[in-house]
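Its first residue numbered 1, the sequence shown is counted upward by one per residue in UniProt numbering.
Just so you know, even glycine gets a beta-carbon here, dropped at the ideal spot from N, CA and C.
Working notes, beginning with the structure itself.
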Amino acid sequence: MATDLTTGGTVRPITRWGTPVMHAPTRKVTEFGEELHTLVRDMFATMRAAEGVGLAATQVGVDLAVFVYECPDADDVIHTGVVCNPEVELPTGKDRQLEAGDEGCLSQPGGYQSLARPTWARCVGQDADGNPLELEGTGYLARCFQHETDHLNGIVFGDRLSARARRKLDQQTAELDYRYPADWPISPKAAATPSPEDSTSENAVS
1 MATDLTTGGT VRPITRWGTP VMHAPTRKVT EFGEELHTLV RDMFATMRAA EGVGLAATQV
61 GVDLAVFVYE CPDADDVIHT GVVCNPEVEL PTGKDRQLEA GDEGCLSQPG GYQSLARPTW
121 ARCVGQDADG NPLELEGTGY LARCFQHETD HLNGIVFGDR LSARARRKLD QQTAELDYRY
181 PADWPISPKA AATPSPEDST SENAVS
């Protein structure tokens with residue numbers, strides 16, 4: 001990004017699954033001006049307040065094809081950025097390797113389920129100024145690119161789970177719903193007593 005949009009934003013409430021904007025394809029970004037830059041700054045602020053590693057615009061109630069990320073790759077190197085109008089390319093044939101890992105979502109907070117995804121992904125799109133962008137991700141970063149691009153296509157990771165795993169996820173989040181105020185993360189989540197079921201990934205992909 002030519003302009004630093006990672007700071008100076010305002011935290012917004014995170015939109016939950018079941019809200020129509022979460023389950024419909026987004027509009028393409030066509031205007032790369034101050035309105036978009038404000039949105040991106042707010043998305044970074046919201047993602048960090050919620051302790052996530054990625055956030056799509058739909059998760060703050062905006063139906064635009066843009067996501068932000070601050071996520072480690074397979075070598076634990078942190079990558080930070082924004083992608084507009086993303087398209088994800090995944091390996092095929094013998095190059096396609098899947099890895100199962102706990103996945104969560106800030107829009108369905110508190111629950112995690114194992115989901116297998118390719119360990120490598122290329123994300124092609126534009127930066128917040130409209131310049132062409134091509135990124136490659138490995139490990140958790142590859143998972144993040146796939147998860148966030150899914151959001152912008154109206155897909156939540158629960159849609160990719162088996163019926164049994166989806167029921168377990170819904171049960172987890174229902175049990176922990178009391179921790180997350182309606183305007184979370186503007187208002188902080190409530191404390192909870194740790195349990196064996198809580199020993200999952202600390203950060204939700206988003």
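In three-state DSSP terms, what is residue 138? Position 138 of the sequence shown, counted from the start, is the residue given in the question as residue 138. Residue state, collapsed to three classes: strand.
Cutoff 7 angstroms; reference residue 62; Cβ partners in own chain excluding five residues on either side: For this step, residue 62 is matched to residue 62 along the sequence shown. Counting only Cβ-Cβ distances below 7 angstroms, and skipping sequence neighbours, we find 39.
Can you round the beta-carbon distance between residue 107 and residue 22 to whole angstroms, since I take them to be within the 8 angstroms contact cut? In the sequence shown, the residue the question calls residue 107 occupies position 107. In the sequence shown, the residue the question calls residue 22 occupies position 22. Yes, residue 107 and residue 22 are in contact; Cβ-Cβ is about 6 angstroms, under 8 angstroms.
Helix, strand or coil for residue 64, going by three-state DSSP, please let me know. If you number the sequence shown from 1, residue 64 lands on position 64. Three-state result, residue 64: strand.
4 or more residues per run - each alpha helix (DSSP H) lying fully within the segment 151-177: Whole alpha helix (DSSP H) segments, 4+ residues: 163-176.
So, helix, strand or coil for residue 21, using DSSP? Position 21 of the sequence shown, counted from the first residue, corresponds to residue 21. In this structure, residue 21 counts as helix in the three-state DSSP scheme.
Do you know offhand how far residue 98's Cα is from residue 117's? One-based indexing of the sequence shown puts residue 98 at position 98. One-based indexing of the sequence shown puts residue 117 at position 117. For residue 98 and residue 117, the distance between alpha carbons rounds to 5 angstroms.
Roughly how many whole angstroms lie between the Cα atoms of residue 200 and residue 180? In the sequence shown, residue 200 corresponds to position 200, counting from 1. In the sequence shown, residue 180 corresponds to position 180, counting from 1. Note that residue 200 scores 49 on pLDDT, short of 50, meaning its location in the model is unreliable and no value can be drawn from it.
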